[in-house]
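Line by line, the protein sequences give chains A and B.
Here numbering that gives the first Met the number 0 is used: position 117 in the first sequence is 116, and no number is missing along the way.
Here numbering that gives the first Met the number 0 is used: position 69 in the second sequence is 68, and no number is missing along the way.
Right, one structure below, let's go through it.
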Amino acid sequence: MSGDSGVAIVGIGIHPFGRHPGVPARQQAVHATRAALRDAGVEWRDVQFAFGGSMDGGDPDTLVSDLGQTGLPFINVWNGCATGGSALISADSLLRSGAADLGMVIGFDAHARGAFNTDPAAHGLGAWYGETGLMLTTQYFALKIQRYAHDHGISPSTLAKVAAKAFRNGAANPNAWRRTPLAEEEILAAPMVSHPLTKYMFCAPGEGAVALVLCRADQAHRYTARPVHLRAAALRSRRYGSFEVFSPWLAIERADSPSVEAARAAFEQAGVGPGEVDVAQVQDTESGAELIHLAETGLCKHGEQEALVQSGATEIGGTLPVNTDGGCLANGEPIGASGLRMVHESVLQLRGDAGARQVPGDPRTAFTHVYGAPGISACTVLTR
Amino acid sequence: MSPKPIADDLFTWPSDAPQLIGARCPSCAAMTFPQQASCPRCGAAMETCLLGRRGTLWTWTVQSFEPKEPYDGPTPFEPYGVGYVELPGELLVEARLTEADPDRLAIGAEVELVIEPFRRDAGGDEVVTFAFRPVTEGTAA
Numbered sequence: 000m001s002g003d004s005g006v007a008i009v010g011i012g013i014h015p016f017g018r019h020p021g022v023p024a025r026q027q028a029v030h031a032t033r034a035a036l037r038d039a040g041v042e043w044r045d046v047q048f049a050f051g052g053s054m055d056g057g058d059p060d061t062l063v064s065d066l067g068q069t070g071l072p073f074i075n076v077w078n079g080c081a082t083g084g085s086a087l088i089s090a091d092s093l094l095r096s097g098a099a100d101l102g103m104v105i106g107f108d109a110h111a112r113g114a115f116n117t118d119p120a121a122h123g124l125g126a127w128y129g130e131t132g133l134m135l136t137t138q139y140f141a142l143k144i145q146r147y148a149h150d151h152g153i154s155p156s157t158l159a160k161v162a163a164k165a166f167r168n169g170a171a172n173p174n175a176w177r178r179t180p181l182a183e184e185e186i187l188a189a190p191m192v193s194h195p196l197t198k199y200m201f202c203a204p205g206e207g208a209v210a211l212v213l214c215r216a217d218q219a220h221r222y223t224a225r226p227v228h229l230r231a232a233a234l235r236s237r238r239y240g241s242f243e244v245f246s247p248w249l250a251i252e253r254a255d256s257p258s259v260e261a262a263r264a265a266f267e268q269a270g271v272g273p274g275e276v277d278v279a280q281v282q283d284t285e286s287g288a289e290l291i292h293l294a295e296t297g298l299c300k301h302g303e304q305e306a307l308v309q310s311g312a313t314e315i316g317g318t319l320p321v322n323t324d325g326g327c328l329a330n331g332e333p334i335g336a337s338g339l340r341m342v343h344e345s346v347l348q349l350r351g352d353a354g355a356r357q358v359p360g361d362p363r364t365a366f367t368h369v370y371g372a373p374g375i376s377a378c379t380v381l382t383r
Numbered sequence: 000m001s002p003k004p005i006a007d008d009l010f011t012w013p014s015d016a017p018q019l020i021g022a023r024c025p026s027c028a029a030m031t032f033p034q035q036a037s038c039p040r041c042g043a044a045m046e047t048c049l050l051g052r053r054g055t056l057w058t059w060t061v062q063s064f065e066p067k068e069p070y071d072g073p074t075p076f077e078p079y080g081v082g083y084v085e086l087p088g089e090l091l092v093e094a095r096l097t098e099a100d101p102d103r104l105a106i107g108a109e110v111e112l113v114i115e116p117f118r119r120d121a122g123g124d125e126v127v128t129f130a131f132r133p134v135t136e137g138t139a140a
């Protein structure tokens with residue numbers, strides 16, 4: 000084994016997202032893993048390593064009890080919203096190094112209902128911060144889009160259109176949680192959760208699982224005639240001055256978000272420019288986040304989002320289709336699985352297998368982006 | 000007996016003109032709130048400082064639903080404003096706002112620090128926390 004042949008995704012599997020009473024998250028993970036193995040035409044005993052991530056669903060390495068105790072190195076990865084991205088980066092490095100030929104990444108979760116509650120001590124913050132009601136991700140995203148909309152001219156109609164698109168795309172995705180289209184007017188008229196964001200503009204914690212089979216690209220033909228190449232996977236944490244979730248204070252000087260740096264690193268690593276992206280999945284924890292992240296990742300300029308959304312450019316038939324599977328808004332956010340869902344959707348789109356939500360025009364290049372607490376972002380670039 | 004602060008190291012208390020207690024880096028001039036031992040920008044040891052009482056609202060929202068624990072606020076729940084306040088030449092601090100009506104909150108508005116009743120503790124004593132209130136004619140210090 001020598002040289003860096005690159006890394007290909009040759010198998011994908013998913014357990015539908017949403018709520019599944021009586022189906023533990025580990026069982027959802029087993030379902031997704033077996034689906035990915037079938038898709039690649041391999042057996043669990045062929046898998047040389049696995050990286051797995053879950054916040055509330057159980058210890059990923061215990062999945063060997065169900066999948067087979069083959070003795071493989073199974074490494075648990077936990078890195079907040081970038082858990083899936085971190086698992087992918089780890090697998091990517093192992094395969095590029097030549098240390099292994101074929102491996103898997105698995106992400107799954109099942110969270111309690113309602114907004115996430117977080118222990119301030121885990122973030123190095125005083126108990127007062129949680130007690131006085133300042134430690135909510137929903138608040139952070141509202142505070143960020145409130146300022147962003149003020150600076151860059153985002154209207155309530157555009158925030159609602161982002162959610163309407165998500166539910167429309169979700170309706171075309173059999174694995175999505177929210178599959179009922181909602182009109183812009185209904186979304187605007189819903190109760191305000193955190194001004195300027197209404198109930199339907201926020202995603203909710205949920206359940207689901209995704210698994211991927213990856214291999215050295217020069218061996219991909221053994222498993223599939225349609226490999227998707229993982230051209231880049233990059234992760235960045237926050238710099239001094241960036242506006243991050245769970246921040247009792249901010250510096251007056253603003254630095255770029257980790258999304259800016261992770262996206263730039265991914266595009267450089269891939270040798271692909273943002274303008275070449277045919278289909279994008281970006282973190283839409285709420286409507287405003289999709290808009291902000293489009294600009295932070297370089298897919299558009301700051302201030303262009305209002306016109307892009309109002310003109311329909313981010314719809315499946317538009318010039319820059321975004322969150323084609325319904326995103327977090329329609330799929331919910333099982334943290335361990337969420338980033339890998341974006342990669343799963345990208346592979347479907349690049350294979351031409353996305354069915355009713357297939358992006359027309361034979362897309363060749365896909366991009367994924369996650370962002371989360373306490374200020375991390377992971378991005379990937381994928382090509383056929 | 001004066002009300003108890005929600006935490007000992009957040010603001011000067013009791014005081015007629017309370018101030019938030021932050022930290023300043025003697026090496027690179029970075030500031031934090033609350034105070035912390037080492038500088039988040041350069042890693043040097045930081046020094047305690049008192050922050051200004053007036054600033055402008057940099058962004059805001061309204062918390063409309065009752066948060067889950069560790070939230071421990073007054074009952075029954077009432078929506079509250081939350082914002083980042085820019086203290087000129089210092090930093091931005093996140094805080095509760097005394098105003099929760101979206102029509103009366105605006106980016107750029109002038110606000111000032113107040114210490115306000117928050118809840119009663121298990122022993123029945125009043126617990127206070129910090130917040131910012133809009134500066135209007137009549138309340139200007």
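Cβ atoms here follow ideal geometry from the backbone N, Cα and C, with glycine treated the same way.
- Apart from sequence neighbours up to five positions away, the residues of its chain that approach B:Gln-62 with a beta-carbon distance below 7 Å are Pro-78, Tyr-79, Val-81, ordered along the chain.
- Rounded to the nearest whole angstrom, the C-alpha separation of A:Ile-105 and A:Asp-352 is 21 Å.
- Around the beta-carbon of A:Leu-36, 16 or more other beta-carbon atoms lie within 10 Å, marking it buried.
- Scanning the stretch 12 to 64 of chain A for uninterrupted alpha helix (DSSP H) segments of 4 residues or longer gives 24 to 39, listed from N- to C-terminal end.
- Taking C-beta atoms as the reference points, A:Val-346 and A:Val-227 count as a pair closer than 7 Å.
- The three-state reading of DSSP puts A:Tyr-370 in strand, counting E and B together.
- Chain B places no beta carbon closer than 7 Å to that of A:Pro-72, leaving this residue out of the contacts.
- By the CB criterion at 7 Å, B:Val-134 and B:Glu-111 fall inside the cutoff.
- A:Gly-106: not part of any alpha helix (DSSP H); member of the beta strand (DSSP E) spanning 101 to 109, first to last residue.
- Each of A:Leu-213, A:Ala-182, A:Val-244, A:Ala-141 was checked against the Cα of A:Met-191, and the nearest Cα belongs to A:Ala-141.
- Residue contact check for A:Ile-375 against chain B: no CB pair falls below 7 Å.
- Here the alpha carbon of A:Leu-187 sits roughly 9 Å from the alpha carbon of A:Lys-198.
- Chain-order list of chain A residues neighbouring B:Phe-131: empty, with the shortest C-beta distance near 13 Å, by a criterion of under 8 Å.
- A distance below 8 Å between beta-carbons, with the five flanking residues on each side excluded, links A:Ala-126 to the following residues of its chain, in chain order: Pro-119, Ala-120.
- Rounded to the nearest angstrom, the gap between the Cα atoms of B:Glu-68 and B:Glu-109 is 32 Å.
- Counting of Cβ neighbours within 10 angstroms places A:Ser-256 among the buried residues, the total reaching 16 or more.
- With distances taken between CA atoms, A:Ser-89 lies nearest to A:Ala-231 out of A:Pro-180, A:Ala-231, A:Lys-143.
- Counting other Cβ atoms within 10 Å of its Cβ, A:His-220 stays below 16 and is therefore classed as exposed.
- Per DSSP, the unbroken beta strand (DSSP E) holding B:Gly-82 starts and ends at 79 to 86.
- B:Lys-3 has a beta carbon lying at 7 Å or more from every beta carbon in chain A.
- Annotation: A:Ser-96 to B:Thr-97 spans about 57 Å, alpha carbon to alpha carbon.
- Secondary structure at A:Gly-123: coil, using DSSP grouped into helix, strand and coil.
- When C-beta distances to chain B are compared with 7 Å, the residues of the stretch 143 to 163 of chain A below that value are Gln-145, Arg-146, His-149, in chain order.
- Annotated as proximal: A:Ser-376 and A:Arg-235, with beta-carbon spacing under 7 Å.
- Any Cβ of chain B closer than 7 Å to the Cβ of A:His-292 would place that residue at the interface, and such an atom is absent.
- For B:Asp-102, no CB of chain A lies under 7 Å from its own CB, so it is not counted at the interface with that chain.
- For A:Val-244 against A:Ala-148, the beta-carbon gap comes to about 18 Å, at or over 8 Å, which does not count as contact.
- Residue pairing by DSSP puts A:Leu-234 in a beta bridge opposite A:Ala-377.
- DSSP, read as helix, strand or coil, puts A:His-228 in strand.
- Closest option to A:Gly-297, judged by alpha-carbon separation, among A:Gly-311, A:Gly-274, A:Arg-25: A:Gly-274.
- Spatial neighbours of B:Cys-38 in its own chain (CB-CB distance under 6 Å, excluding positions within 5 residues in sequence) are listed in chain order as Cys-24, Ala-29, Met-45.
- In this structure, A:Asp-108 sits away from A:Ser-64, with a CB-CB distance that is not shorter than 7 Å.
- Here the alpha carbon of A:Gly-83 sits roughly 48 Å from the alpha carbon of B:Pro-13.
- B:Gly-21 sits in a strand when the DSSP states are folded into three classes.
- DSSP places B:Phe-76 outside both helix and strand once states are collapsed to three, so it counts as coil.
- Along the stretch 48 to 74 of chain B, going in chain order, the ones with a CB nearer than 9 Å to a CB of chain A are Trp-57, Thr-58, Trp-59, Thr-60, Val-61, Gln-62, Ser-63, Phe-64, Glu-65, Pro-66, Lys-67, Glu-68, Pro-69, Tyr-70, Asp-71, Gly-72.
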